[in-house]
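Single-structure report; data block below.
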Amino acid sequence: MAPPAMAFQALAFSPLPLHLPATRRRVRVLAVAADQTPPPPQASPSEPANSPSRLLRELAQRKKAVSPKKKHPPRRFILKPPLDDERLTQRFLNSPQLSLKSLPLLSSCLPSAPLSAADRTWMDEYLLEAKQALGYPLAPSETLGEGDDCPARHFDVLLYLVFQHLDPSSERTRTRHVRNGHSRLWFLGQFVLELAFCEFFLQRYPRESPGPMRERVFALIGKKMLPKWIKAASLHNLVFPYDDLDKMLRKDREPPTKAVFWALFGAIYLCFGMPEVYRVLFEAFGMDPEEESCQPKLRRQLEDVDYVSVEFEKRQLAWQDVAAYRPPADALFAHPRLFRACVPPGMHRFRGNIWDFDNRPKVMNILGYPLPANDKIPEITEARNIELGLGLQLCFMHPSKYKFEHPRFCFERLEYVGQKIQDLVLAERLLMKHLDAPGRWLSEKHRRLLMNKYCGRYLRGKHLHHYIIYGETVQDRFEHNRRLRNPSTTAVQQAIHGLSYCVYGKPDVRRLMFEVFDFEQVQPKAV
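Straight run, no breaks: the sequence shown in this note's numbering ends on number 528.
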């Protein structure tokens, strides 16, 4: 017979008195762990021990201890509604980046919004100090030249952006138009500096290989040296207005000085060109390429028995010679002295050989050479085409062929120029193409487009790697081992860019990179 319902409830809720027999057990205690859980809250005397409200309160307390409350995402990741068409149009029309049609590169580096009152206040207080340290006239740059088409008229705005490195304590440097404007300038300036030193050292040391030159450049403008140059030009108070530069840690001192240094030369290049870059480097900062700390490490030098061009034989060129040089009106090339520094005069002994007769026409046809020229004298055009053919043969001449007997008869010096000019050309392209992109995004995009494996791949895509001249002992290895072949095809690609810069100038490098080799991979592919 089933028990009554009330009896069952009493049986379920009342504790049963169980009497267990007392037995002794020997327990060995190995470790004692402290209980980390907080004690349950004491029940109020009016509440029974097993009341539902007490159990719910205890359960909520345990949940709080086990799973902490999740943090909200930072505000910059919260999606905002897009601007309506009218406001977006107005923002673009008011942007200084669209104010200069004749100077697209300079206008792309101007701030994306008009400067605020806080920006103007900083310029009024500190800009004269920066101009005086760099050796510029103290008058406002708007008074220079005539019309907006004069690049120097925008120097004050760019010089303001130079010194606005990201400072967490400053609200002004965190605004988008200032932050992005500064980062876009340093993105351009790093490649300007590399090209300037490349051209200078190639002409100053006509017999030296690029390895020691890279060491000289690193010793002059490596990030470890930049605080020294900033202090030598008395600009450290503008970069660190509240800190002592000498007492700062390296990790706090080097990134801001590097950003300001690079951005400064980006602004100078945009407003005044490459000669002014040399003046500021060697006059305002006082760099000395013959200083003991800038010398490359000693290495076994190959004996160079070949001639150099006459203009390099008489004396070692100074920076004033490189900065003030203007090619004559009837010059064969866009950069004649740089061409002579990279292509030795003895290359004429290779004229008429099998490569010149058999492979040169095919290579020139693929690259679209020779370009049409408007020379008044036909002999000038013929001489340029001959020199272009010899330069192309040097671009395809691997060091394994003649380097040990004739150190300059290989593509190394042209490769050095080509690497730097293709960096600068692509940087200018990206700046003009992505007007609102910050410098860090642009530098990542730049790095991904110019990775070495891609450069060699574009050359191999045109089937130009079959014309590389290897030494007989290593030819089989280089042609069948991709670990050897790919770096050599990359070097030939860069040497071709260096030759086109020396002969025809920067426009032809753009043509090769974006039309012939299609570095951006935007042209339709043949099916």
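Glycine included, C-beta positions come from ideal geometry on N, C-alpha and C.
- Sixteen is the threshold: when 16 or more other Cβ atoms of the shown chains lie within 10 Å of the Cβ of I422, as they do, the residue is buried.
- Of L460, R58, A61, L189, the smallest CA-CA separation from L427 is found for L189.
- Looking at the backbone, the Cα of L250 and that of S444 are separated by about 26 Å.
- Distance from the Cα of S103 is smallest, within the candidate group L221, G148, L333, A332, for G148.
- For S444, the enclosing alpha helix (DSSP H) starts and ends at 440–450.
- Taking 8 Å as the cut-off, the beta carbon of I367 is found no closer than this to the beta carbon of D331.
- In the displayed model, I469 falls within coil according to three-state DSSP, outside both helix and strand.
- V475 is positioned such that its CB atom lies no closer than 8 Å to that of F397.
- Residue pairing by DSSP places M398 opposite I470 in a beta bridge.
- Segment contact: the stretch 302–313 against the stretch 405–420, three or more CB-CB distances shorter than 8 Å; contact assigned.
- Nearest to V504 by C-alpha distance, out of D359, R301, I387, is I387.
- Looking at the backbone, the Cα of P213 and that of F241 are separated by about 34 Å.
- Inside the stretch 145–174, DSSP marks whole alpha helix (DSSP H) runs of 4 or more residues at positions 156–163, from first to last along the chain.
- The stretch 169–182 makes no contact with the stretch 370–384; the number of CB pairs closer than 8 Å stays below 3.
- Nearest to R121 by C-alpha distance, out of P362, L89, L159, is L159.
- Residue environment for M288: buried (at least 16 other C-beta atoms within 10 angstroms of its C-beta).
- Shown here, N238 sits in a helix according to DSSP, grouped into three states.
- By the Cβ-count criterion, D424 is buried, with 16 or more other Cβ atoms from all chains shown falling within 10 Å of its own Cβ.
- For L106, the closest alpha carbon among the candidates S184, M433, I222 is that of M433.
- Within the same chain, and ignoring the five residues on either side of E429 in sequence, the residues whose Cβ sits closer than 6 Å to its Cβ are L106.
- Excluding the 5 residues flanking it on each side, G390 has same chain C-beta neighbours closer than 6 Å at R361, in chain order.
- Distances from the CA of I222 to each of F520, D247, F192 were compared; the closest alpha carbon is that of F192.
- The DSSP-derived three-state label of Q423 is helix.
- When only Cα atoms are considered, K377 and W356 end up about 31 Å apart.
- M249 carries a coil assignment under DSSP once its states are collapsed to helix, strand and coil.
- The DSSP-derived three-state label of F202 is helix.
- For the options L282, D86, S294, the alpha carbon positioned closest to that of V323 is the one of L282.
- Contact between the stretch 219–238 and the stretch 121–135 is present, with at least three C-beta pairs closer than 8 Å.
- Between V311 and F164, the gap from beta carbon to beta carbon reaches 8 Å or more.
- In this model, P256 and L265 are separated by some 14 Å (Cα to Cα).
- In this structure, the CA atom of L431 is about 35 Å from the CA atom of R208.
- Taken through DSSP and simplified to helix, strand or coil, A492 comes out as helix.
- Look at R215 here: in three-state DSSP terms it is helix.
- A residue is called buried once 16 or more other Cβ atoms fall within 10 Å of its Cβ, and K229, having fewer, is exposed.
- Between Q495 and G419 the beta-carbon gap is near 4 Å, inside 8 Å, which marks them as a contact.
- Inside the stretch 252–307, DSSP marks whole alpha helix (DSSP H) runs of 4 or more residues at positions 275–280, from first to last along the chain.
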